[in-house]
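**Q**
Numbering (the working numbering), first residue to last: 7 to 128.
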C-alpha cells in the first residue's frame, strides 16, 4: 500500500532484495510510452485482466530516451507471469526481436509451479 501511495506523488524506489510478489520487466526507452498507453490505459488493462498491480519504478524524468525503465508487476506468481508475458508481447510488437533475439531470458522450471520458455518461431 505504501508503494501505491508513493507512486502518486513521485518516483518509487523499491527496497533491495528478493520479493515473493514482485516481477520486474525492463522496458526499452522506445517502448515505454507504448507499454504505458494513453494515460496508462494499457497498464490498467493488464491489471484488470490478470488481477495485478503495475507501475514504473525508479522512473527517470531526465534522459528518458536513453534509459531502460523498470516496470514492477505485483501479484501472485501465475498472475504476474500472465501480465509479464502480455507486457513482453507489447514490447516485442514495438521493438521486434527485443526478447526473441535472446531466448534464454525467461526460463522457469520450478517443479511446484509451471515452466515458461521463450522460443523463436521460424
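Heads up, the beta-carbon is just placed ideally off N, CA and C, and yes, glycines get one too.
Would you report the Cα separation of residue 48 and residue 41, rounded to the nearest angstrom?
**A** Along the chain shown, one-based indexing puts residue 48 at 42. Along the chain shown, one-based indexing puts residue 41 at 35. Roughly 6 Å between the two C-alpha positions.
**Q** Does the distance from the CB of residue 30 to the CB of residue 77 come in under 8 Å?
**A** As a working mapping, residue 30 is identified with position 24 in the chain shown. As a working mapping, residue 77 is identified with position 71 in the chain shown. Taking 8 Å as the Cβ cut-off, residue 30 and residue 77 qualify as a contacting pair.
**Q** How about residue 84 and residue 35: are their beta carbons less than 8 Å apart?
**A** Reading the chain shown from its first residue, position 78 is the one you call residue 84. Reading the chain shown from its first residue, position 29 is the one you call residue 35. No, Cβ-Cβ distance for residue 84 and residue 35 is not below 8 Å.
**Q** Going by CA-CA distance only, name the one from 45, 53 and 93 that's closest to residue 75.
**A** Counting from 1 along the chain shown, the entry for residue 75 is found at position 69. Taking only the C-alpha atoms, the option nearest residue 75 is 93.
**Q** Sorted by chain position, which residues of the same chain lie with C-beta nearer than 7 Å to residue 33's C-beta, five sequence neighbours on each side aside?
**A** Sequence index remark: in the chain shown, residue 33 carries index 27 (1-based). Taken in chain order, the residues that qualify are 41, 74, 75, 77 and 97.
**Q** Where does residue 31 fall in DSSP's three states?
**A** As a working note, residue 31 is residue 25 in the chain shown. In this structure, residue 31 counts as strand in the three-state DSSP scheme.
**Q** Report yes if the CB atom of residue 88 is closer than 8 Å to the CB atom of residue 56, and no otherwise.
**A** Position 82 of the chain shown, counting from 1, holds the residue named residue 88. Position 50 of the chain shown, counting from 1, holds the residue named residue 56. In contact: residue 88 and residue 56 (Cβ atoms closer than 8 Å).
**Q** Among the candidates 53, 106, 44 and 100, whose CA atom is the shortest distance from the CA of residue 37?
**A** Translated into the one-based positions of the chain shown, residue 37 becomes position 31. When each option's Cα is compared against that of residue 37, the closest is 100.
**Q** Out of 86, 54, 104 and 105, state which residue places its alpha-carbon closest to the alpha-carbon of residue 26.
**A** One-based indexing of the chain shown puts residue 26 at position 20. Here the closest residue by C-alpha is 86.
**Q** Can you give me the C-alpha to C-alpha distance between residue 28 and residue 82, rounded to a whole angstrom?
**A** Here residue 28 corresponds to residue number 22 of the chain shown, with the count starting at 1. Here residue 82 corresponds to residue number 76 of the chain shown, with the count starting at 1. Cα-Cα distance, rounded: 8 Å.
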